[in-house]
Amino acid sequence: MFAYILRSLLQGAVVLIAVAFIAFSMFRFVGDPVANMVGQEASMADREELTKHLGLDQPFPIQFLRFLGKAAQGDFGISYRQGRPVAAVMAERLPATVELAVLSAIFATVVGVALGVYAAIRRHGLVANAVMTLSLVGVSLPTFLIGIGLIYVFAVELRWLPSFGRGETVRLGGWTTGLLTKSGLQSLILPVLTLGFFQLTLIMRLVRSEMLEVMRSDFIRFARARGIPNRVIEFRHALRNTMIPVVTIAGLQLGSVIAFAIVTETVFQWPGLGALFVNAVQFADVPVMAAYLVFVAFVFVVVNLATDLAYLALDPRLRAAPTAAR
Amino acid sequence: MTQPVLSVRDLRVEFVTRRGVLKAIDGVSFDIAPGEVLGVVGESGAGKSVTGSAVIGLIDPPGRIAGGEVWLSEQRIDNLSPEEMRRIRGKRIGMIFQDPLTSLNPLYRVGEQLVETIQTHTDLSAAAARRRAIELLTEVGIPAPERRIDGYPHEFSGGMRQRVVIALALCAEPELIIADEPTTALDVSVQAQIISLLQRLGREHGTAIMLVTHDMGVIAETADRVAVMYAGRIAEIGPVQDVVQNPLHPYARGLMGAIPTLAQDASRLVQIPGSMPRLSAIPPGCPFNPRCPHAWDRCRIDRPEPIQHGAHKVACHLYDLNDPTAEAHKVLTHPPAEEGVPA
Numbered sequence: 001m002f003a004y005i006l007r008s009l010l011q012g013a014v015v016l017i018a019v020a021f022i023a024f025s026m027f028r029f030v031g032d033p034v035a036n037m038v039g040q041e042a043s044m045a046d047r048e049e050l051t052k053h054l055g056l057d058q059p060f061p062i063q064f065l066r067f068l069g070k071a072a073q074g075d076f077g078i079s080y081r082q083g084r085p086v087a088a089v090m091a092e093r094l095p096a097t098v099e100l101a102v103l104s105a106i107f108a109t110v111v112g113v114a115l116g117v118y119a120a121i122r123r124h125g126l127v128a129n130a131v132m133t134l135s136l137v138g139v140s141l142p143t144f145l146i147g148i149g150l151i152y153v154f155a156v157e158l159r160w161l162p163s164f165g166r167g168e169t170v171r172l173g174g175w176t177t178g179l180l181t182k183s184g185l186q187s188l189i190l191p192v193l194t195l196g197f198f199q200l201t202l203i204m205r206l207v208r209s210e211m212l213e214v215m216r217s218d219f220i221r222f223a224r225a226r227g228i229p230n231r232v233i234e235f236r237h238a239l240r241n242t243m244i245p246v247v248t249i250a251g252l253q254l255g256s257v258i259a260f261a262i263v264t265e266t267v268f269q270w271p272g273l274g275a276l277f278v279n280a281v282q283f284a285d286v287p288v289m290a291a292y293l294v295f296v297a298f299v300f301v302v303v304n305l306a307t308d309l310a311y312l313a314l315d316p317r318l319r320a321a322p323t324a325a326r
Numbered sequence: 327m328t329q330p331v332l333s334v335r336d337l338r339v340e341f342v343t344r345r346g347v348l349k350a351i352d353g354v355s356f357d358i359a360p361g362e363v364l365g366v367v368g369e370s371g372a373g374k375s376v377t378g379s380a381v382i383g384l385i386d387p388p389g390r391i392a393g394g395e396v397w398l399s400e401q402r403i404d405n406l407s408p409e410e411m412r413r414i415r416g417k418r419i420g421m422i423f424q425d426p427l428t429s430l431n432p433l434y435r436v437g438e439q440l441v442e443t444i445q446t447h448t449d450l451s452a453a454a455a456r457r458r459a460i461e462l463l464t465e466v467g468i469p470a471p472e473r474r475i476d477g478y479p480h481e482f483s484g485g486m487r488q489r490v491v492i493a494l495a496l497c498a499e500p501e502l503i504i505a506d507e508p509t510t511a512l513d514v515s516v517q518a519q520i521i522s523l524l525q526r527l528g529r530e531h532g533t534a535i536m537l538v539t540h541d542m543g544v545i546a547e548t549a550d551r552v553a554v555m556y557a558g559r560i561a562e563i564g565p566v567q568d569v570v571q572n573p574l575h576p577y578a579r580g581l582m583g584a585i586p587t588l589a590q591d592a593s594r595l596v597q598i599p600g601s602m603p604r605l606s607a608i609p610p611g612c613p614f615n616p617r618c619p620h621a622w623d624r625c626r627i628d629r630p631e632p633i634q635h636g637a638h639k640v641a642c643h644l645y646d647l648n649d650p651t652a653e654a655h656k657v658l659t660h661p662p663a664e665e666g667v668p669a
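Just so you know, the sequences run in chain order P and X. So for the first sequence, the working numbering puts the first residue at 1; every next one is plus one. So for the second sequence, the working numbering puts the first residue at 327; every next one is plus one.
As structure tokens, then:
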């Protein structure tokens with residue numbers, strides 16, 4: 001079990017270093033940072049001095065190691081566009097994205113699992129079939145279209161909810177939250193629905209098909225032969241077995257919710273990391289882009305680790321085998 | 327005669343498919359007395375397992391019980407509501423499946439599964455149910471049950487898991503146990519242990535056992551009576567020694583003749599020519615007629631009903647005393663196509 005966790009950690013570290021390398025390579029391939037930073041009238045001496053100051057005269061491996069060392073301390077350099085440390089710029093934007101993503105993930109998981117179980121148990125029911133058909137819409141419609149549709153209905157026509165921004169936020173230490181004000185909460189509803197909808201339908205369809213599969217297995221049949229009530233079979237015996245494969249996919253999906261809120265943030269002009277990244281791309285703000293890449297990789301690694309730990313909690317077969325035969 | 331524990335009368339089970347209604351069980355009748363072991367044998371697809379599932383009420387759609395009656399002691403159980411039937415399953419009828427490796431939920435300790443079953447059918451407290459679970463594990467021969475009760479299924483070997491499965495079937499001291507191929511998935515050495523365990527439990531508790539298997543060796547050792555099934559019907563039923571040593575039905579004779587023994591000096595294994603018809607293509611008359619070396623015109627038109635013949639009941643026109651021509655057909659007119667019938 002310890003070896004199992006250790007292996008997950010090592011894998012995570014390898015992934016992070018690989019992504020950091022790709023992020024670092026961007027500096028070399030996306031234009032000349034010095035040309036980006038100095039004005040048109042700068043002299044050669046100015047340029048050389050800046051090159052030296054930024055360490056760009058060093059050999060490539062040294063530059064990469066320095067990048068890694070700084071990145072590990074959260075230092076991704078200075079944003080070309082804003083002239084401020086990237087870490088500070090990102091820290092400002094982080095709360096908006098985290099609140100949006102976490103709420104979306106909770107919404108998608110809770111509603112998705114509940115609907116999936118319902119659709120599996122009432123397999124031939126009218127409501128279950130209607131839900132399944134609707135879920136096809138969720139899987140096939142692009143996120144931005146859902147967002148624009150929601151804005152049209154609830155913001156433009158009904159005027160119930162705001163169409164953009166975070167509303168009023170409250171400062172709590174270094175964290176700004178929209179969860180404590182009415183306008184902040186209202187502003188969250190549409191983006192959360194938009195971002196969570198695709199994951200919801202995916203999780204729901206996955207739960208349904210896995211559960212139907214589990215319900216066909218021998219131990220469910222044996223549980224029925226023992227006279228165990230249906231509710232107990234469905235929620236105790238079948239659901240937990242269903243969750244093992246679901247956790248894998250759902251975990252990765254939820255990682256992508258946090259990482260790729262880009263589209264939703266753009267549609268709702270949400271002042272989060274995704275919007276920051278889109279702006280950074282427009283202005284070739286390489287340090288911000290690199291930091292965002294590493295951040296996304298970090299989120300995925302953490303989610304993956306959490307998924308592996310969830311396996312341990314769910315499946316005694318993994319816990320028992322100390323050599324972790326996986 | 328004592329009241330039978332299980333009495334099945336003219337049971338019919340159908341599967342509704344796109345290509346029509348398939349009759350998996352077509353008019354099966356038998357009784358099992360208290361403490362008796364009835365072996366049910368036949369080829370794959372003969373309807374052995376479906377009969378067991380029908381008795382315990384676990385025929386899944388598109389299958390359904392299309393007719394007949396199932397009586398457990400003095401209660402008719404084939405027409406109960408699903409909830410009433412659930413209360414009988416596990417309490418009055420226990421069931422054991424073929425594969426002990428997949429019969430247990432891998433995510434729960436065996437103790438949790440035992441306690442769950444015990445508490446479903448009794449009013450015992452959690453602590454009392456746990457004590458009962460340990461007793462059951464002791465009874466089925468699990469060493470160190472106080473410790474093993476907290477083990478997960480994957481920590482048990484195949485034979486030990488089948489013992490746990492048997493303990494689960496015994497939780498509420500059922501009157502009847504249906505064992506569906508209980509030893510097929512096990513090593514030969516473990517098979518004998520499981521069979522003798524079942525026998526002992528049946529004797530000690532007076533539990534009737536319906537033992538479904540295609541292993542004639544298991545039947546010969548264990549069963550008191552045996553029913554030979556073919557294409558959803560009982561071809562022959564009778565005391566096990568009689569049926570094994572003196573089978574009447576041509577199919578049963580072929581089946582017994584096909585058991586290889588070390589004493590035989592046969593270069594080829596004996597087989598019955600042809601194969602069992604698919605459910606969608608059961609011939610009219612006797613379903614065995616295309617493979618039967620004795621078949622005559624009547625067999626292709628007239629369906630044979632079980633006839634009492636000594637201690638056996640046999641569904642074959644050869645034993646119809648009212649048919650004056652039957653005796654003549656007992657002599658083989660056309661020997662089976664395949665050779666290799668040992669002397």
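Ideal Cβ placement from N, Cα and C applies to all residues, glycine included. No experiment lies behind these values; they were computed from the predicted model shown.
Query, Result
"Give the residues of chain X in contact with Pro365 of chain P, contact being defined as C-beta atoms less than 8 angstroms apart.", "For chain P, the structure presents residues 1 to 326; residue 365 of chain P sits outside this window and is missing."
"Taking all protein chains shown into account, do 16 or more other C-beta atoms lie within 10 angstroms of the C-beta of Asp336 of chain X, making it buried, or fewer, making it exposed?", "exposed"
"Three-state secondary structure (DSSP) at Phe27 of chain P?", "helix"
"Chain P beta carbons: is any one of them nearer than 9 angstroms to that of Thr443 of chain X?", "yes"
"Tell me where the beta strand (DSSP E) around Val554 of chain X begins and ends.", "Arg551 to Tyr556"
"Note down, in chain order, every chain X residue with its Cβ under 7 angstroms from the Cβ of Gln123 of chain P.", "With the sequence shown as reference, residue 123 of chain P is identified as Arg, and Gln is not the correct amino acid for it. In chain order: nothing, as chain X lies at least about 11 angstroms away."
"Tell me the DSSP secondary structure of Pro59 of chain P in three-state form.", "coil"
"Which residues in chain X sit within 7 angstroms of Thr237 of chain P, going by Cβ to Cβ distance?", "Reading the sequence as shown, one finds His at residue 237 of chain P and not Thr. Ordered by position in chain X, the residues that pass the 7 angstroms Cβ test against His237 of chain P are Asn431."
"Drop a sphere of 10 angstroms on the beta-carbon of Lys639 of chain X, count the other beta-carbons inside from all chains shown, and report buried for 16 or more, exposed for fewer.", "buried"
"Touching or not, the segment 450-458 of chain X and the segment 400-418 of chain X, by the rule of three or more beta carbon pairs under 8 angstroms?", "no"
"Looking at the secondary structure, which residues open and close the alpha helix (DSSP H) in which Val331 of chain X lies?", "Segment: none, Val331 of chain X is in no alpha helix (DSSP H) and carries neither H nor E."
"According to the neighbour-count rule (16 or more other Cβ atoms, all chains shown, within 10 Å of its Cβ), is Arg28 of chain P buried or exposed?", "exposed"
"Gly373 of chain X to Pro565 of chain X, Cα distance in whole Å?", "20 angstroms"
"Of the residues X:Asn648, X:Ile382 and X:Ile503, which one's Cα is nearest the Cα of Glu395 of chain X?", "X:Ile382"
"Give a yes or no on whether the minimum CB-CB distance between Ser187 of chain P and chain X is below 9 angstroms.", "no"
"Curious, which full-length alpha helix (DSSP H) runs of at least 4 residues does the segment 560-633 of chain X contain?", "566-571, 576-583 and 623-627"
"Using a cut-off of 8 angstroms between C-beta atoms, extract the partners of Leu314 of chain P located in chain X.", "Leu433"
"Take every Cβ of the segment 70-84 of chain P, pair it with every Cβ of the segment 243-253 of chain P, and state whether three or more of those distances are shorter than 8 angstroms.", "no"
"Find out if the Cβ-Cβ distance for the pair Cys497 of chain X, Ile444 of chain X is shorter than 9 angstroms.", "yes"
"State the Cα-Cα distance for the pair Asp218 of chain P and Met132 of chain P, rounded to the nearest angstrom.", "27 angstroms"
"Quick check: the Cα distance between Ser104 of chain P and Val302 of chain P, rounded to an integer number of angstroms?", "18 angstroms"
"Confirm, please, whether the CB-CB distance from Ile503 of chain X to Leu524 of chain X is below 9 angstroms.", "yes"
"Find the residues of chain X that neighbour Phe219 of chain P, judging by a C-beta separation of less than 7 angstroms, and give them in chain order.", "Thr428, Ser429, Leu430 and Asn431"
"Would you say Ala549 of chain X and Ile560 of chain X are within 9 angstroms of each other, going by their C-beta atoms?", "no"
"Pull up the distance between the alpha-carbon of Ala35 of chain P and that of Val139 of chain P, whole angstroms please.", "44 angstroms"
"Would Asn327 of chain P pass as an interface residue toward chain X - the criterion being a Cβ-Cβ separation below 9 angstroms?", "Outside the displayed span of chain P (1 to 326) sits residue 327 of chain P, for which this structure offers no information."
"Going along the chain, which residues of the segment 493-513 of chain X sit with their C-beta nearer than 9 angstroms to a C-beta in chain P?", "Leu494, Ala495, Cys497, Ala498 and Ile504"
"Give the residues of chain P in contact with Asp425 of chain X, contact being defined as C-beta atoms less than 8 angstroms apart.", "Asp218"
"Verify the CB distance criterion: does Gly437 of chain X have a CB-CB separation below 9 angstroms to chain P?", "no"
"For Glu530 of chain X and His124 of chain P, I'd like the C-alpha separation in whole angstroms.", "46 angstroms"
"Are the segment 190-210 of chain P and the segment 273-280 of chain P touching by the rule of at least three beta carbon pairs closer than 8 angstroms?", "no"
"Tell me whether the segment 610-623 of chain X and the segment 641-659 of chain X touch, counting them as touching only if at least three CB pairs, one residue from each stretch, are closer than 8 angstroms.", "yes"
"Sort out for me which residues DSSP pairs Lys374 of chain X with in a bridge.", "According to DSSP, Lys374 of chain X bridges with nothing at all."
"Between Thr242 of chain P and Val207 of chain P, is the Cβ-Cβ spacing less than 9 angstroms?", "yes"
"Within the continuous alpha helix (DSSP H) that includes Ile351 of chain X, where are the two ends?", "Taken as a continuous stretch (DSSP letters only), Ile351 of chain X belongs to no alpha helix (DSSP H), being part of the beta strand (DSSP E) at Gly346 to Ile358."
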